[in-house]
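Asks:
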Amino acid sequence: QAEMRKAWRSFSRVLAVLAILSGASVARDLGQAKHAATAFEAWLNRTGAKLAPAVRVIPAPLGDEQPGAQLRLRAIEDIAEGQELLRIPLPFVIWRGTAIGPSLPPAARRSIQLVLDGYAVAPGSGSPERGERLAPGARGEDMGLALFLMAHAALGDLSPWKPYIATLPERLLVPVSFGQSALEALQDPAVAGQARHSAWTRKRAFRQLAFALQRISAAVRSRLRAARKGKPKQSPASFSSFNWALSAVEARSLSLRGQKFLVPGADHIGYEPHSFRAAAQGARFLRYHKLEAPTGDTARAAASSGQPEHFVVLADHPIALGSVITEDYGDTPSYVLFQHHGFIPAINPFDCARVAVPHGLRRSALEGVSAQAERLTADFVVPPISVATAALMRELQVTLPATVCIRPGALPHHLTAALAIAGADDQARMPCSNLDSSPDLIRMQCVERILNSSEPL
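Under mature numbering (1 follows the signal peptide of the UniProt record, and there is no 0), residues -27 to -1, 1 to 430 are what the sequence shown spells out, in order.
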């Protein structure tokens, strides 16, 4: 354990070097951060949000390896588990509801709605119409929220979210934004391959969104001209703005009830795992992050609209006076935290070793899908399995992705099943074809019979 922590600390220093290699500046200087913290806390009060009396917004230095500061929440008195930290009205949370709300002109709202639904905007000068579907891998919800964030960043003083946007990093140090030298320095072909694939997906999506971006850019410039504010603070249609906004959405949004929410204040809560809890498949997160209608006169209005009124964040563990407020980010392996949030924790009870699955066992190989995505990961090729074996594995639903996560203890059952069936001879596999039951029961019985009749894995 001590050696692993030492290795992670060493790798954190490597990441600091990567920040320089990739030209990323992930935070403002301390003076700017202090000003942003004061303005942001005042903005929260104006929106009707309730920051708990025990909580303050502070600028926190990044540490020895990286200059600058980022905003965090600090406890100014002891906080108990389950105590409310933040309650913010949904009209000031960035999510689908606000993205298609009245803060932007109708043409921009319609364009964003189409993207949220997974479509590009068709060319034309009338009301925005649905175009082609977004490319595979381009998540419409992420793209739509990114377009909304881009528009409001460009509006500057005219945006009701200006004090919040000012708290976001100017650049986000995530692998998708790394240059080639930084990716090579990672010495991890899988992470580098995923980053390249994500970067390619973003560029393709950006091209598809050209007409949506034109509509949004025109709306922003028109509003700025009407207010005599001059040019946008940043381009509402450039790839660099799109890349920044999309990274912010992917890194800082919270997922709840199948939707994403960029919650001002909640995204300034740092990471700290709870070492002794069991994996809960996201249930623990839902206990401490809620959508709630308020009590009192506004409750009936909220109920009649069918929309919850506030996003509420509770403390998921006791927090001592003077501590920076942190929370558990869920049952998430470190490589996912790195890919989407740009950091690797020193300790993560839900970490795993990512192992490449033999090419012949991968879902894409068994289903005959194009090999384009396969070239982006290191191929670990084994002799091809027979057509009959591939058909049986599809029938028993034991196909695998390109990589699997291995944790201490027993192997995941789906991995054991795939290896057992693929490695068995025809005689050992024969009983699997004759079992008459549900696929899950067939799989368990089949694997048990194969393992009992073959050499140990």
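For every residue, glycine included, the Cβ atom is placed at its ideal position computed from N, Cα and C.
#1: So what does DSSP say about residue 179, is it helix, strand or coil?
#2: Could you name the residues of the same chain whose beta carbon sits closer than 6 Å to that of residue 346, not counting the 5 residues immediately before and after it, in chain order?
#3: Could you check whether residue 55 and residue 392 sit closer than 8 Å to each other, using their CB atoms as the reference points?
#4: One question on the structure: do residue 197 and residue 230 come within less than 8 Å of each other, judged by their Cβ atoms?
#5: Tell me which residues share the same chain as residue 140 and place their Cβ nearer than 8 Å to its Cβ, disregarding the 5 neighbours each side in the sequence.
#6: Who pairs with residue 299 in a beta bridge, going by DSSP?
#7: How many Å lie between residue 312 and residue 328 at the Cα?
#8: Is it buried or exposed, residue 201, if we count other Cβ atoms within 10 angstroms and call 16 or more buried?
#9: CA-CA distance, residue 109 and residue 293?
#10: Do you know offhand how far residue 58's Cα is from residue 289's?
#11: For residue 87 versus residue 192, is the C-beta spacing smaller than 8 Å?
#12: Please name the residue, chosen from 321, 378, 307, 205, that lies closest to residue 330 on a Cα-to-Cα basis.
#13: Could you check the C-alpha separation between residue 145 and residue 174 for me, to the nearest Å?
#14: Taking the Cβ atom as the reference point for each residue, do residue 283 and residue 63 lie within a distance shorter than 8 Å?
#15: Touching or not, the region 163 to 172 and the region 91 to 98, by the rule of three or more beta carbon pairs under 8 Å?
#16: Helix, strand or coil for residue 344, going by three-state DSSP, please let me know.
#17: Is the beta carbon of residue 208 closer than 8 Å to that of residue 127?
#18: State buried or exposed for residue 419, treating a residue as buried only when at least 16 other CB atoms are found within 10 Å of its CB.
#19: Taking the straight line between their C-alpha atoms, what separation do you get for residue 228 and residue 262?
#20: In angstroms with no decimal places, state the Cα-to-Cα distance between residue 121 and residue 50.
#21: On a CA-only basis, which of 181, 315, 186, 212 is nearest residue 243? Give me that one, please.
#22: Taking CB distances under 8 Å as the criterion, tell me whether residue 190 reaches chain B.
#23: When the Cα atoms are used, what is the spatial distance from residue 83 to residue 185?
#24: Tell me whether the beta-carbon of residue 48 lies closer than 8 Å to the beta-carbon of residue 295.
#25: Measuring only the C-alpha atoms, how far is residue 138 from residue 132?
#26: Evaluate residue 212 with the Cβ neighbour count: other Cβ atoms within 10 Å of its Cβ, from every protein chain shown; 16 or more gives buried, anything less gives exposed.
#27: Determine the closest residue to residue 135 out of 206, 102, 181, 147, with distance taken between C-alpha atoms.
#28: State the start and end residues of the unbroken alpha helix (DSSP H) segment that holds residue 138.
#29: Going by alpha carbons, who is nearest to residue 100 out of 303, 232, 188?
#30: Beta strand (DSSP E) containing residue 494: first to last residue?
#31: Can residue 72 and residue 52 be called in contact, C-beta distance under 8 Å?
#32: Identify which residue in 291, 326, 247 has its Cα closest to the Cα of residue 304.
Replies: Concretely, from the data shown:
#1: helix
#2: Bear in mind that a pLDDT of 32 at residue 346, under 50, signals an unreliable position, so the model cannot answer this.
#3: no
#4: no
#5: 9, 10, 13, 44, 237, 241
#6: 243
#7: 17 Å
#8: exposed
#9: 45 Å
#10: 10 Å
#11: no
#12: 378
#13: 18 Å
#14: yes
#15: no
#16: Here the model assigns residue 344 a pLDDT of 38, short of 50, so the residue's position is not dependable, and the following value carries that caveat. Three-state DSSP puts residue 344 in coil, outside helix and strand.
#17: yes
#18: buried
#19: 10 Å
#20: 37 Å
#21: 315
#22: The chain inventory of the structure shown lacks chain B, comprising one protein chain alone.
#23: 9 Å
#24: yes
#25: 9 Å
#26: exposed
#27: 206
#28: 135 to 138
#29: 188
#30: Shown here, the chain extends from -27 to 430; a query on residue 494 therefore has no answer.
#31: no
#32: 247
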